[in-house]
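Chains as they are written, first to last, in my numbering: chain Z, 307 to 661; chain S, 307 to 661. Here a beta-carbon is modelled for each residue, glycine too, at the ideal position from N, C-alpha and C.
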């Protein structure tokens, strides 16, 4: 047990109570296999195990290391690498992890090269990754069938399709269902174009994220066809998703220590030991409650309290990251408190960092 | 020996030839103790050892872990923690590292709290950190003497003063000497105000960085008094410093692999496996030669070649980070090539990550 004032900083601190509440909210909305939690957001087996306890057994991974790490730890029973890789050694490592663990490993493919490399590496299952509007990976919907045929011919089982409407995660709520539906129409069409190639093992239509998980209305002829959602950030949240009307709370902060304060007639500021090297900065500056963040440096954030007060030197300050995924990637451990205000009872390593 | 096309990506790749040229250029301008290279930029003992070979024995560190790591490895003979810390365990760890290694450890202090904690932890040397205009750490110049007196009374040796004009690193060249001189006037005054407190061991006036190292003209009555510069980025460079007229070259790229390409009438793009989790993003998007970067995702960068061509899937692509320091903090290793185009001959761990 470590009291927060004794914790070396900067440190990731997680409220187990809030985590469990976020997991319960999501698993009520999308129980079991209807959610394929994305481990890229947390890269932490301790959190993935809680997602298993919440009823989810299929997981989404962003890197081969995440797949291999989950398989070796025996977390989940169905792992999807939702990105393409052309690294033969890593493809083979995932195939070996599948054989050794008995856990199903599926990889996304979007080109003849990725299909052929997956087959050559001894992998057995693929999803056809379809571009649904975000200019990133994924084949054109009309190419999905020919890729499925090539995969089938190479001995791979095509389990279905996936598409990520990442460009729609933060559009206004009133526009979201319509815009997501337009993307999903092409994904569903791609699925329908190839389902006869592979038969009954072809069942998955995978899409979505924390910003869109709630629009996949079961009664809609298109949106209801999406049978799994790849949400990850919902478990921990960040200021970017927190600005949206989502029923999840911030479960993880970066805790820092005030190391320097300056009081001047022209203005006062404080400096904590949380900076660029402990925060993902692609979504901009982090937030501090009741304070204004001035700027971040490598190891520091300079801020002022809105009421003109200053923290005492040595006082702990909680920072809400703008983007949780790259924030966690900078840390080796997550410090777990049962609930806010209590002592650290567990340390969960961020085992799935790197690639 | 690993050929670049066999290297697992994303990977940091360093040209030893360019590194050595950057080090030689800097050590010609500021030889020996006139440079106190900042290890925070690279966090890598392999690079610090090359800086020792270039004639520098005093180093600047940003975190206690950097100080302890350098001391335990026996790199350098004079280590400065140029930030304040109020973590008693880490202060004690630095004091122990000093005793065990015989390497001098000095810490920055800017308040009575930091002075008292340094003394209590068994540290022996401090620099008074003076605020010279950047709203971050550092005492007011007029407080420097009383802090020196307190340090002296607590048994600490005050070795001098430091101040970081970080807000001036990228101002236009024509304004730089004048603006830096204005900041340094207050630092020199602070030094002169306290030099009699501590006597002959008080000699250091430390400041500067890669963006200002060249303005500390020896013949200037103020700028010539700065007897050591804390530059770090010069060794490796990034696009932010690269935009300035500095005589250093990019020595380190993040190398990725093209994993997906899309060709459409409306435009073509490629995706590489270098994203937010392998790039510091606080200075914005990275650069790719002869290409336009569209955006970065967690594990991807989407870009288009300016000539309309597309890389082959599997082709390696070199990415120039916008900010080198937080980029390196995301990686476990640096892959060293003797010169661009050659095979990887060494792997240098980034030993000094975290805090």
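Alpha-carbon to alpha-carbon, residue j and residue i
i: residue 511(S); j: residue 469(S); result: 8 Å
i: residue 457(S); j: residue 332(Z); result: 55 Å
i: residue 441(Z); j: residue 565(Z); result: 43 Å
i: residue 519(S); j: residue 643(S); result: 28 Å
i: residue 475(S); j: residue 516(S); result: 7 Å
i: residue 375(S); j: residue 343(S); result: 15 Å
i: residue 576(S); j: residue 379(S); result: 43 Å
i: residue 572(Z); j: residue 532(Z); result: 56 Å
i: residue 308(Z); j: residue 635(S); result: 26 Å
i: residue 471(Z); j: residue 481(Z); result: 14 Å
i: residue 628(S); j: residue 554(S); result: 15 Å
i: residue 500(Z); j: residue 462(Z); result: 14 Å
i: residue 601(Z); j: residue 610(Z); result: 11 Å
i: residue 326(S); j: residue 632(Z); result: 32 Å
i: residue 597(Z); j: residue 311(Z); result: 20 Å
i: residue 321(Z); j: residue 394(S); result: 26 Å
i: residue 494(Z); j: residue 434(Z); result: 12 Å
i: residue 590(S); j: residue 592(Z); result: 16 Å
i: residue 473(Z); j: residue 604(S); result: 13 Å
i: residue 334(S); j: residue 350(S); result: 22 Å
i: residue 736(Z); j: residue 652(Z); result: With chain Z covering 307 to 661 only, the question about residue 736(Z) has no answer from this structure.
i: residue 658(S); j: residue 377(S); result: 11 Å
i: residue 452(Z); j: residue 417(Z); result: 10 Å
i: residue 488(Z); j: residue 540(Z); result: 24 Å
i: residue 368(Z); j: residue 599(S); result: 21 Å
i: residue 574(S); j: residue 358(S); result: 47 Å
i: residue 360(Z); j: residue 556(S); result: 48 Å
Proximity below 8 Å, CB of residue i to CB of residue j
i: residue 534(S); j: residue 329(S); result: no
i: residue 381(S); j: residue 354(S); result: yes
i: residue 366(Z); j: residue 398(Z); result: no
i: residue 587(S); j: residue 588(Z); result: yes
i: residue 282(Z); j: residue 436(Z); result: Outside the modelled stretch of chain Z, which goes from 307 to 661, sits residue 282(Z), for which no answer is possible.
i: residue 660(S); j: residue 385(S); result: no
i: residue 558(Z); j: residue 630(Z); result: yes
i: residue 352(S); j: residue 646(S); result: no
i: residue 479(Z); j: residue 443(Z); result: no
i: residue 318(Z); j: residue 650(Z); result: no
i: residue 578(Z); j: residue 419(S); result: no
i: residue 401(Z); j: residue 429(Z); result: yes
i: residue 498(Z); j: residue 460(Z); result: no
i: residue 496(S); j: residue 447(S); result: yes
Presumed contact (8 Å Cβ cut-off) between residue i and residue j, rounded CB distance
i: residue 656(Z); j: residue 637(Z); result: 6 Å
i: residue 315(S); j: residue 567(S); result: Contact flag wrong, Cβ pair sits at about 16 Å.
i: residue 503(S); j: residue 454(S); result: 5 Å
i: residue 432(Z); j: residue 411(Z); result: So it is not a contact: roughly 10 Å between Cβ atoms.
i: residue 345(Z); j: residue 538(Z); result: 7 Å
i: residue 508(Z); j: residue 466(Z); result: 5 Å
i: residue 415(S); j: residue 427(S); result: At roughly 12 Å, the Cβ-Cβ gap does not stay under 8 Å, so residue 415(S) and residue 427(S) are not in contact.
i: residue 594(S); j: residue 623(S); result: 6 Å
i: residue 383(S); j: residue 362(S); result: In fact, because the Cβ distance is near 10 Å, the residues do not count as touching under 8 Å.
i: residue 536(Z); j: residue 514(Z); result: 6 Å
Closer than 7 Å: residue i CB and nearest the ligand GTP heavy atom
i: residue 631(S); result: Inclusion of the ligand GTP in the displayed structure is not the case, the ligand content being empty and no account of it being possible.
At a Cβ cut of 7 Å, what residues of the stretch 344–356 of chain Z count as close to chain S, listed as they run along the chain? Listed in sequence order: 346.
Between the stretch 638–649 of chain S and the stretch 575–594 of chain S, can you find at least three pairs of beta-carbon atoms closer than 8 Å? Fewer than three Cβ pairs drawn from the stretch 575–594 of chain S and the stretch 638–649 of chain S lie within less than 8 Å of each other, which leaves the two stretches out of contact.
Chain-ordered residues of the stretch 565–578 of chain Z with a beta carbon less than 9 Å from chain S: The stretch 565–578 of chain Z vs chain S, Cβ under 9 Å: 565, 566, 567, 568, 570, 573, 575, 577.
Interfacial residues, the stretch 416–443 of chain S to chain Z, with Cβ spacing under 7 Å: Within the stretch 416–443 of chain S, the qualifying residues are 416, 417, 419, 437, 441, 442, 443.
Could you please tell me which residues of the stretch 371–405 of chain Z, in chain order, have their CB closer than 9 Å to any CB of chain S? Residues 389, 390, 391, 392, 393, 395, 396.
In the stretch 595–621 of chain Z, which residues sit with their C-beta less than 7 Å from some C-beta in chain C, listed in chain order? Note that chain C does not occur in the displayed structure, where the protein chains are Z and S.
In chain order, what residues of the stretch 636–658 of chain S put their CB closer than 7 Å to some CB of chain Z? So the close ones are 636, 638.
Identify each residue in the stretch 458–491 of chain Z for which the Cβ-Cβ distance to at least one residue of chain S is less than 8 Å, and report them in chain order. Flagged, chain order: 472.
Relative to chain Z, which residues along the stretch 582–595 of chain S have a C-beta separation below 7 Å, given in chain order? Residues 582, 583, 586, 587, 588.
If the cut-off is 9 Å on Cβ atoms, which residues from the stretch 536–561 of chain S count as contacting chain Z, listed in chain order? If the cut-off is 9 Å between Cβ atoms, the stretch 536–561 of chain S has nothing near chain Z.
For the stretch 501–534 of chain Z, which residues have a CB atom closer than 8 Å to at least one CB atom of chain S, in sequence order? Within the stretch 501–534 of chain Z, no residue qualifies.
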